[in-house]
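Here the protein sequences come in this chain order: A and B. Read in full-length UniProt numbering, the first sequence has 110 at position 110, and its numbers run on one by one without any break. Read in full-length UniProt numbering, the second sequence has 1 at position 1, and its numbers run on one by one without any break. Beta carbons are placed, not taken as given, at the ideal position from N, Cα and C, and that holds for glycine. The next block holds one structure in the form of structure tokens; read it before the comments.
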Amino acid sequence: MGSLFDIRLVFEYFPLIFSRFPITLLIVVVAIGAGLVLGLFIALVRMRKVLLLNQFAILYVSFVRGTPIIVQLFIIYYGFPLLLEQVGIDITQWEKIYFVLVTYGLNNAAFMSEIIRSAISSVPDGQREAAYSVGLSRWQALRRVILPQAFLNAFPVFGTRVVNTFESTSLAFTLGILDMVGQAQAIGSRTYHELEGYVVLAIIFIAISMILEKLFVHAEKRFIQQRR
Amino acid sequence: MIELKNVHKAFGKNTVLKGINLKVNKGEVVVILGPSGSGKTTLLRCINFLESADDGELIIGDTKVDFKNATSKEILAVRRRTAMVFQNYNLFNNMNAIENVMEGLVTGRKMPIGRAREIAKQALDKVGLKDKYEAYPLQLSGGQQQRVGIARAIALNPDVILFDEPTSALDPELVGEVLSVMQAVAKEGITMIVVTHEMSFAMDIAQHIIFMADGNIVEEGSPKDIFTNPKEKRTKQFLERILPRWNYSI
Ligand SMILES: Nc1ncnc2c1ncn2[C@@H]1O[C@H](COP(=O)(O)OP(=O)(O)OP(=O)(O)O)[C@@H](O)[C@H]1O
Ligand SMILES: [Mg+2]
């Protein structure tokens with residue numbers, strides 16, 4: 001023991017903590033995937049002002065954006081089983097990771113819907129009209145003309161969202177799952193050397209955030225080059 | 001043949017079309033003239049339901065549609081019998097020239113890609129863009145973009161092509177290339193309804209001229225009738241303004 005900070009422990013902890021990266025990655029992938037699908041749905045509901053669903057979507061988005069994710073985690077963890085119990089589904093035996101995935105998916109859907117909405121409205125009306133004029137249906141116009149352009153417009157913001165999601169996974173451990181943060185904490189409380197674990201986390205989070213940002217910048221350049 | 005009966009359209013309290021009746025024969029080129037705000041664009045956009053008219057009837061080929069309660073199926077059917085060339089070209093920015101032309105065929109009409117590509121090539125060759133198949137809209141001049149727009153329309157082999165001021169966003173030196181493509185299209189016997197301020201096109205190419213003002217058709221007739229012998233005061237005033245050296249005795 002002795003010293004408060006032991007650099008050798010950083011190296012020792014690193015593989016232990018990084019071995020939990022797949023769990024973090026799983027949360028991010030599920031959150032982004034669910035966020036895209038559900039977010040597109042919410043965005044369309046809001047843009048077409050679908051009765052009732054629209055009001056519900058507005059409420060939902062402002063709730064998610066207005067509360068910390070840690071609050072949402074616990075609301076889902078304690079509230080979701082109660083809700084599903086009403087319709088006869090018992091999920092009390094669910095592993096904690098599922099609650100985490102549901103929370104991050106729902107959370108991302110709200111943020112993503114706002115991104116998608118503004119990306120879609122950034123595509124000029126003339127594009128939609130031209131699509132209709134050559135005989136595309138509403139859905140075909142969306143899929144073939146509007147969304148591809150919206151996606152390109154939204155790409156930088158989308159990249160930021162992925163990085164934010166990755167960083168926000170650091171709160172998933174509060175439900176007691178053993179992701180990278182959970183692992184660092186467990187090691188810390190076992191060895192009384194907490195700082196080293198968090199230094200490892202800091203290094204991993206900085207590195208991965210930077211890699212993600214570079215990837216997005218690179219991908220965006222590729223997309224845009226293709227067009228010019 | 002395409003026919004409009006008693007078309008009405010208002011934006012809020014602003015009544016823009018006040019009962020338009022119009023008949024266009026197969027193969028005919030009709031030019032619509034009229035001062036700004038008279039409802040020319042709105043009329044064209046009502047024909048392919050980019051604007052929904054409040055009342056009236058549209059007959060196109062053997063399809064008859066009531067504007068007031070058109071279903072989305074009917075609207076799609078009408079759109080698949082028409083095509084439009086826009087003032088600002090409106091090419092799909094995420095597609096290159098040939099993909100722009102193929103899109104309506106492949107996605108809209110479910111045509112096999114190989115055949116659609118052949119048709120698209122022919123259409124692009126026809127508008128003089130043989131060497132621009134792969135170019136994206138941003139890589140093309142305005143005149144070239146508009147020619148892709150025309151190729152996109154003719155590839156669909158529609159019952160009618162609607163042109164809304166196809167040359168008015170172009171630099172003057174590019175107007176000619178687009179007009180001559182339109183002239184070639186007209187010669188092929190494709191039905192065209194053209195809103196334009198290009199009087200030479202109206203005089204030389206149109207078979208029929210419609211003069212609109214304030215949401216009404218004020219006068220219509222052959223180019224000769226309209227340009228040399230207009231009956232209505234509003235028509236005369238308009239022509240005097242737009243053709244400064246125009247006089248009654250041409
Ligand atoms: N989407 C819209 N919402 C409200 N008013 C509109 C809309 N589109 C057109 N109008 C109004 O309808 C009237 C006719 O417009 P329209 O564009 O059909 O005229 P136009 O004859 O094509 O004129 P221009 O020669 O300037 O193109 C105008 O008073 C215009 O302000
Ligand atoms: Mg107009």
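For residue i and residue j, what's the separation of their Cα atoms in angstroms?
| i | j | result |
| --- | --- | --- |
| B/E57 | B/V30 | 19 Å |
| A/L38 | A/A109 | 5 Å |
| A/L215 | A/P156 | 11 Å |
| A/R117 | A/I58 | 12 Å |
| B/R152 | B/S72 | 23 Å |
| A/T191 | A/R65 | 38 Å |
| B/G215 | B/Y89 | 25 Å |
| B/L129 | B/R147 | 8 Å |
| B/G34 | B/T196 | 9 Å |
| B/I250 | A/Q140 | Unreliable positioning characterises B/I250 in this predicted model, as indicated by a pLDDT of 47, which lies under 50. A coordinate reading is not provided. |
| A/I70 | A/E213 | 25 Å |
| A/V199 | A/F5 | 10 Å |
| B/C46 | B/G61 | 17 Å |
| B/D54 | A/F166 | 51 Å |
| A/I177 | A/K96 | 7 Å |
| A/I42 | A/I32 | 14 Å |
| B/L140 | B/L124 | 13 Å |
| A/N107 | B/Q144 | 46 Å |
| A/F14 | A/A207 | 13 Å |
| B/N6 | B/I59 | 12 Å |
| residue 272 of chain B | A/L152 | The shown model of chain B, from 1 to 250, leaves out residue 272 of chain B, and the question about it has no answer. |
| A/I91 | A/T174 | 19 Å |
| B/I242 | A/V61 | 55 Å |
| A/Y78 | A/M47 | 32 Å |
| B/T191 | B/K23 | 12 Å |
| A/V162 | A/Q72 | 19 Å |
| A/G188 | A/I120 | 47 Å |
| B/T41 | B/T15 | 14 Å |
| B/L50 | B/L156 | 18 Å |
| A/H218 | A/L36 | 21 Å |
| B/S180 | B/T167 | 11 Å |
| residue 230 of chain A | A/T160 | For residue 230 of chain A there is no data in the structure shown, the boundaries of chain A being 1 and 228. |
| A/R143 | B/K187 | 36 Å |
| B/G104 | A/P124 | 19 Å |
| A/V134 | B/D164 | 15 Å |
My guess is that residue i and residue j are in contact by the Cβ rule of under 8 Å, so how many angstroms apart are they, rounded?
| i | j | result |
| --- | --- | --- |
| B/F86 | B/G149 | 7 Å |
| B/G221 | B/I205 | At roughly 15 Å, the Cβ-Cβ gap does not stay under 8 Å, so B/G221 and B/I205 are not in contact. |
| B/L44 | B/N21 | Not quite, the Cβ-Cβ distance comes to about 15 Å (not below 8 Å), so this is no contact. |
| A/R128 | A/I146 | 6 Å |
| B/N94 | B/A135 | Between B/A135 and B/N94 the Cβ distance is about 14 Å, and since that is not below 8 Å, they are no contact. |
| B/L76 | A/S137 | 6 Å |
| A/F99 | A/I76 | 5 Å |
| B/N48 | B/L162 | 6 Å |
Give me the chain B residues within the contact set of residue i, using Cβ-Cβ distance strictly less than 7 Å, ordered along the chain.
| i | result |
| --- | --- |
| A/V134 | A83, E103, G104, G108, R152 and L156 |
| residue 236 of chain A | For residue 236 of chain A there is no data in the structure shown, the boundaries of chain A being 1 and 228. |
Residue i versus chain B: which residues are under 9 Å apart at the beta carbon?
| i | result |
| --- | --- |
| A/Q225 | None at all; the shortest Cβ gap to chain B is about 11 Å. |
Give me the DSSP bridge partner(s) of residue i.
| i | result |
| --- | --- |
| B/M212 | B/I217 |
| B/L58 | B/L4 and B/V65 |
| B/N14 | B/F11 |
| B/V85 | B/F163 |
| B/V31 | B/V194 and B/I209 |
| B/V24 | B/I2 |
Applying a beta-carbon distance threshold of less than 7 Å, which residues of chain A neighbour residue i?
| i | result |
| --- | --- |
| B/R80 | G135 |
| B/N88 | G126 |
| B/F11 | Per Cβ cutoff of 7 Å: no residues; B/F11 is ~15 Å from chain A at best. |
Can you name the residues of chain A whose CB is closer than 8 Å to the CB of residue i?
| i | result |
| --- | --- |
| B/L50 | E129, Y132 and S133 |
Can residue i be considered in contact with ligand 3, in the sense that its beta carbon sits closer than 7 Å to one or more heavy atoms?
| i | result |
| --- | --- |
| B/D164 | Within the structure as shown, ligand 3 is missing, the only ligands being ligand 1 and ligand 2. |
List, in chain order, every chain A residue whose beta-carbon is nearer than 9 Å to that of residue i.
| i | result |
| --- | --- |
| B/V163 | The sequence shown places Phe at residue 163 of chain B, not Val. Neighbours of B/F163 on chain A: none; closest Cβ ~12 Å, over 9 Å. |
Discussion item. Short of 7 Å Cβ to Cβ, which residues in the region 94 to 109 of chain B face chain A?
Written reply: N94, E103, G104, T107, G108 and R109
Discussion item. Residues of the region 136 to 161 of chain A in Cβ contact with chain B at a cutoff of 7 Å, in chain order, please.
Written reply: L136, S137, Q140, R144, V145, P148 and Q149
Practice prompt. Quick one: which residues of the region 52 to 76 of chain B get their C-beta closer than 9 Å to a C-beta of chain A? List them in chain order.
Written response: S72, I75 and L76
Worksheet item: Just by C-beta distance, which residues in the region 35 to 48 of chain B are closer than 9 Å to chain A?
Response: R45 and N48
Worksheet entry | Residues of the region 95 to 128 of chain A whose Cβ lies closer than 7 Å to any Cβ of chain B, in chain order | G126 and Q127
Worksheet item: Going along the region 193 to 217 of chain B in order, which residues come within less than 7 Å of chain A, judged by CB to CB distance?
Response: none
Discussion item. Output needed in chain order: residues of the region 219 to 240 of chain B with a Cβ under 7 Å from some Cβ in chain A.
Written reply: none
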